[in-house]
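Participant: The following block contains the structure, expressed as structure tokens.
Protein chains: 2
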Amino acid sequence: MPIKPKIPRPTVKRLSLYLRHLESLAALDQPTISSKQLGAALSLTDAQVRKDLAYFGQFGHPGVGYRVDDLIGQLRKIFGTDKMWNAAIIGAGNIGRALLAYDRFGQKNFEIVAVFDNDPNVMGTVIENLKVKPMKDLAKLIREREVKLGIIAVPGEAAQDVADQLINAGVLGILNFAPVRLDVHDAVSVNSVDFSVALEQLAFQVSLGVVGSLDEDRTP
Amino acid sequence: MPIKPKIPRPTVKRLSLYLRHLESLAALDQPTISSKQLGAALSLTDAQVRKDLAYFGQFGHPGVGYRVDDLIGQLRKIFGTDKMWNAAIIGAGNIGRALLAYDRFGQKNFEIVAVFDNDPNVMGTVIENLKVKPMKDLAKLIREREVKLGIIAVPGEAAQDVADQLINAGVLGILNFAPVRLDVHDAVSVNSVDFSVALEQLAFQVSLGVVGSLDEDRTP
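Taken in order, these protein sequences are the chains called A and B. Residues 1 to 220 in this note's numbering are what the first sequence spells out, letter by letter. Residues 1 to 220 in this note's numbering are what the second sequence spells out, letter by letter.
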């Protein structure tokens, strides 16, 4: 599965910004973009853009720049978003329910195929057409449904145990909403969503007078 | 309020990473750090670190580097996190409730002082010691409680109207959980949390073989 283990983490983050910006350009039928334009849209230098895209062998055409559709296709393929990903949610509390109701996952080729919770008041109930399963079924269902991504939406004290179970069951990535740092021994990828960091980031923007959106390039 | 309007957005993001990493070093009683060490911890060059910190007049001491406590103090002051921020949540659905129960806000000097919802089944109920108020009270309460940050946790179709009301009431920043792009005419700062982007980012990490956490430096 690892294709380019040497790509630095900040580059991965920037590549995802490029992809989102390119997708918004494609929606406007813009055929090409220069590294300078792409950089300007994301407050990066054109040298940075060229360096990042060169990691996977993409080079602009002199006087033309990058072909938007080509670049999107290559980015999606390398990023694995050209195929469907099955995901499971662990924890059917407020965050789990919000995620189950979230209608943007399908647009991005993610499907939530299972939800787990050990709370007897929740187990067996149906949320957004999915029956909440007990944790004892986790390993079996993850394997059967070929779930590659696990979304942890349990309280902090339960999160590490859930992460261990997900890793043992064979998931490759964990999206973590619990307010703890997970120890995954570099066995899987982890992306954490920390609401207090998001709010802190906003306070920074306000204090520094950065108006408008920090991610200028979010697709509508 | 705007202090350094010329600081580029990616620099603001990196500054917050520096602060989090420095805070974790302070917890370990590390007294100093070089730009090279700080950069290595965050996959950045030392030149980038020096350039970022020079934006607000911070320069390392040759042979010593930066004093961790000094740098934290200066970053917190500039970022405004040395004082308390009052925030309000609009929308007492799943995300709003999850945020109200989130115990990390207080640690970072944020206090949720009000929650609003127009659903008659929710209005007037008490969640985490806060009574849910009707939207018609928003402007008055925001002014009275000196709320500077608004957190939008309403469905997409209601989000722009809520943003307009928040701006008119005088908030300075909006944390947006609704899956839409807000038009704020550069009147306020906006930070958006998009769960599908977080999941996409995770798929990228998996596809690219980036194991472990993308934000290596999250404080525990």
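Virtual Cβ for every residue (Gly too), placed ideally from N, Cα, C. All of these numbers come straight from a predicted model, not from anything done at the bench.
Counting only Cβ-Cβ distances shorter than 7 angstroms, please list the residues of the stretch 153-178 of chain B near chain A, keeping chain order.
Facilitator: Leu172, Gly173 and Leu175
Participant: Does any CB atom of chain C fall closer than 8 angstroms to the CB of Phe79/B?
Facilitator: In the structure shown, chain C does not exist; the protein chains are A and B.
Participant: Taking the C-alpha atoms as reference points, what is the distance between Phe177/A and Ala40/A?
Facilitator: Mapped onto the first sequence, residue 177/A falls at position 177. Mapped onto the first sequence, residue 40/A falls at position 40. Phe177/A and Ala40/A: Cα-Cα distance of roughly 32 angstroms.
Participant: Among Asp183/B, Gly106/B, Ile89/B and Val122/B, which has the Cα closest to the Cα of Leu138/B?
Facilitator: Start at 1 with the first residue of the second sequence, and residue 138/B comes out as number 138. Among Asp183/B, Gly106/B, Ile89/B and Val122/B, the Cα nearest to that of Leu138/B belongs to Ile89/B.
Participant: In terms of residues, what are the limits of the beta strand (DSSP E) holding Gly150/A?
Facilitator: On the first sequence, residue 150/A is found 150 positions in, with the first residue counted as 1. Here the beta strand (DSSP E) through Gly150/A covers Leu149 to Ile152.
Participant: Spatial neighbours of Tyr66/A within its chain, please: C-beta separation below 6 angstroms, excluding the five flanking residues on both sides.
Facilitator: Position 66 of the first sequence, counted from the first residue, corresponds to residue 66/A. Cβ neighbours of Tyr66/A beyond the five flanking positions: Ile33 and Gly60.
Participant: Distance, Cα to Cα, Leu149/A vs Leu199/B?
Facilitator: As a working note, residue 149/A is residue 149 in the first sequence. As a working note, residue 199/B is residue 199 in the second sequence. Leu149/A and Leu199/B: Cα-Cα distance of roughly 8 angstroms.
Participant: For Thr125/B, count neighbouring C-beta atoms within 10 Å of its own C-beta (all shown protein chains included) and say buried if the count is 16 or more, exposed if not.
Facilitator: If you number the second sequence from 1, residue 125/B lands on position 125. Per the 10 Å Cβ criterion, exposed.
Participant: In chain A, which residues lie with their C-beta within 9 angstroms of the C-beta of Gln201/B?
Facilitator: Taking the first residue of the second sequence as 1, we reach residue 201/B at position 201. Per Cβ cutoff of 9 angstroms: Val12, Lys13, Ser16, Leu175 and Asn191.
Participant: If you draw a straight line from the C-alpha of Lys222/A to the C-alpha of Asp69/B, how long is it?
Facilitator: Outside the displayed range of chain A (1 to 220) lies residue 222/A, so it cannot be described from this structure.
Participant: Would you tell me roughly how many angstroms separate the C-alpha atoms of Asn94/B and Val154/A, rounded to the nearest one?
Facilitator: Here residue 94/B corresponds to residue number 94 of the second sequence, with the count starting at 1. Here residue 154/A corresponds to residue number 154 of the first sequence, with the count starting at 1. Their Cα atoms are separated by approximately 14 angstroms.
Participant: Please list the partners that Tyr66/A has in chain B, where partner means a Cβ-to-Cβ separation under 7 angstroms.
Facilitator: Walking along the first sequence from the start, residue 66/A turns up at place 66. Those within 7 angstroms of Tyr66/A in chain B number zero; the least Cβ separation is about 19 angstroms.
Participant: Which residues in chain B have a C-beta closer than 7 angstroms to the C-beta of Phe59/A? List them in chain order.
Facilitator: On the first sequence, position 59 is the one that residue 59/A refers to. None at all; the shortest Cβ gap to chain B is about 19 angstroms.
Participant: Can you find a C-beta in chain A that's less than 8 angstroms from the C-beta of Lys148/B?
Facilitator: What you label residue 148/B is simply residue 148 of the second sequence in a count that begins at 1. Output row for Lys148/B: interface = yes.
Participant: Give the residues from the stretch 100-130 of chain B that approach chain A closer than 8 angstroms (Cβ to any Cβ), ordered along the chain.
Facilitator: Ala101, Tyr102, Asp103, Arg104, Phe105, Gln107, Lys108 and Phe110
Participant: Quick one: which chain A residues come within Cβ less than 8 angstroms of Gly212/B?
Facilitator: Position 212 of the second sequence, counting from 1, holds the residue named residue 212/B. Val184, Asp186, Ser189 and Val190, listed in chain order.
Participant: Do Leu182/B and Gln160/B have their beta-carbon atoms positioned less than 8 angstroms apart in this structure?
Facilitator: Counting from one through the second sequence, the residue named residue 160/B turns up at place 160. Counting from one through the second sequence, the residue named residue 182/B turns up at place 182. Contact: yes.
Participant: For Ile89/A, return the contacting residues in chain B, with the cut-off set at a CB-CB distance below 9 angstroms.
Facilitator: Looking up residue 89/A in the first sequence gives position 89. Going along chain B, no residue has its Cβ under 9 angstroms from Ile89/A, so there is no contact; the nearest lies around 11 angstroms.
Participant: Ala54/B touches chain A at which residues, Cβ-Cβ below 8 angstroms?
Facilitator: Stepping through the second sequence from its first residue, residue 54/B is reached at position 54. The contacting residues do not exist; Ala54/B stays about 15 angstroms from chain A at best.
Participant: Starting from Ser189/B, follow its DSSP beta bridges and name the residues at the other end.
Facilitator: Here residue 189/B is taken as the residue at index 189 of the second sequence, counted from 1. Answer by DSSP bridge pairing, in chain order: Gly212/A and Gly173/B.
Participant: Using a C-beta cutoff of 8 angstroms, does Met1/A count as contacting chain B?
Facilitator: Here residue 1/A refers to the residue found at position 1 of the first sequence. Note on Met1/A: pLDDT 41, under 50, position unreliable in the model; the coordinate value appears next. At least one chain B Cβ lies under 8 angstroms of Met1/A.
Participant: Let me confirm a value: Gln30/B is counted as buried when at least 16 other C-beta atoms fall within 10 Å, else exposed. Which label applies?
Facilitator: Mapped onto the second sequence, residue 30/B falls at position 30. Taking a 10 Å sphere around the C-beta of Gln30/B, we find fewer than 16 other C-beta atoms and assign the residue as exposed.
Participant: List the residues of chain B that Ser196/A touches, going by C-beta distances under 8 angstroms, in chain order.
Facilitator: By one-based count along the first sequence, residue 196/A stands at place 196. Those within 8 angstroms of Ser196/A in chain B are Tyr102, Arg104, Phe105, Gln107, Lys108 and Phe110.
Participant: What span of residues does the alpha helix (DSSP H) with Ile142/A cover, start to end?
Facilitator: By one-based count along the first sequence, residue 142/A stands at place 142. Where Ile142/A is concerned, the enclosing alpha helix (DSSP H) stretches over Leu138 to Glu144.
Participant: Shorter than 8 angstroms from the beta carbon of Ile7/B to some beta carbon of chain A?
Facilitator: Numbered from 1 along the second sequence, position 7 holds the residue referred to as residue 7/B. Cβ-Cβ to chain A under 8 angstroms: yes for Ile7/B.
Participant: Anyone know if the C-beta pair for Ile127/B and Arg97/B falls short of 8 angstroms?
Facilitator: Position 127 of the second sequence holds residue 127/B. Position 97 of the second sequence holds residue 97/B. The answer is yes: Cβ separation under 8 angstroms.
Participant: So within the stretch 41-74 of chain A, which uninterrupted alpha helix (DSSP H) runs reach at least 4 residues, ignoring any that extend past its ends?
Facilitator: 46-54
Participant: Thinking C-beta only, is Asp52/B closer than 8 angstroms to Lys36/B?
Facilitator: Mapped onto the second sequence, residue 36/B falls at position 36. Mapped onto the second sequence, residue 52/B falls at position 52. Taking 8 angstroms as the Cβ cut-off, Lys36/B and Asp52/B do not qualify as a contacting pair.
Participant: Would you say Arg145/A and Ala101/A are within 8 angstroms of each other, going by their C-beta atoms?
Facilitator: Position 145 of the first sequence, counting from 1, holds the residue named residue 145/A. Position 101 of the first sequence, counting from 1, holds the residue named residue 101/A. No, these two residues do not count as a Cβ contact at 8 angstroms.
Participant: Between Gly73/B, Val180/B and Val162/B, which has its C-alpha nearest Ser192/B's C-alpha?
Facilitator: For the purposes of this step, residue 192/B is taken as residue 192 along the second sequence, with counting starting at 1. Taking only the C-alpha atoms, the option nearest Ser192/B is Val180/B.
Participant: Taking 8 angstroms as the cut-off, decide whether the C-beta atoms of Ser207/B and Phe79/A are in contact.
Facilitator: The sequence position of residue 207/B within the second sequence is 207, counting from 1. The sequence position of residue 79/A within the first sequence is 79, counting from 1. Contact: yes.
Participant: Alpha carbon to alpha carbon, how far is Tyr18/B from Ala27/B?
Facilitator: Within the second sequence, numbered from 1, the residue matching residue 18/B stands at position 18. Within the second sequence, numbered from 1, the residue matching residue 27/B stands at position 27. If you draw a straight line from the Cα of Tyr18/B to the Cα of Ala27/B, it is about 14 angstroms long.
Participant: Give the list of continuous alpha helix (DSSP H) stretches no shorter than 4 residues that lie fully inside the stretch 75-124 of chain B.
Facilitator: 94-100 and 104-107
Participant: Are the C-beta atoms of Leu208/B and some chain A residue less than 8 angstroms apart?
Facilitator: Indexing the second sequence from 1 puts residue 208/B at position 208. Chain A, which has a Cβ nearer than 8 angstroms to the Cβ of Leu208/B, makes this yes.
Participant: Nearest to Ser43/A by CA position, among Pro62/A, Leu172/A, Leu25/A and Arg14/A, is which residue?
Facilitator: Taking the first residue of the first sequence as 1, we reach residue 43/A at position 43. That would be Arg14/A, whose Cα lies nearest to the Cα of Ser43/A.
Participant: What is the DSSP secondary structure of Ile7/B, reduced to helix, strand or coil?
Facilitator: Residue mapping note: residue 7/B aligns to position 7 of the second sequence, counting from 1. In the displayed model, Ile7/B falls within coil according to three-state DSSP, outside both helix and strand.
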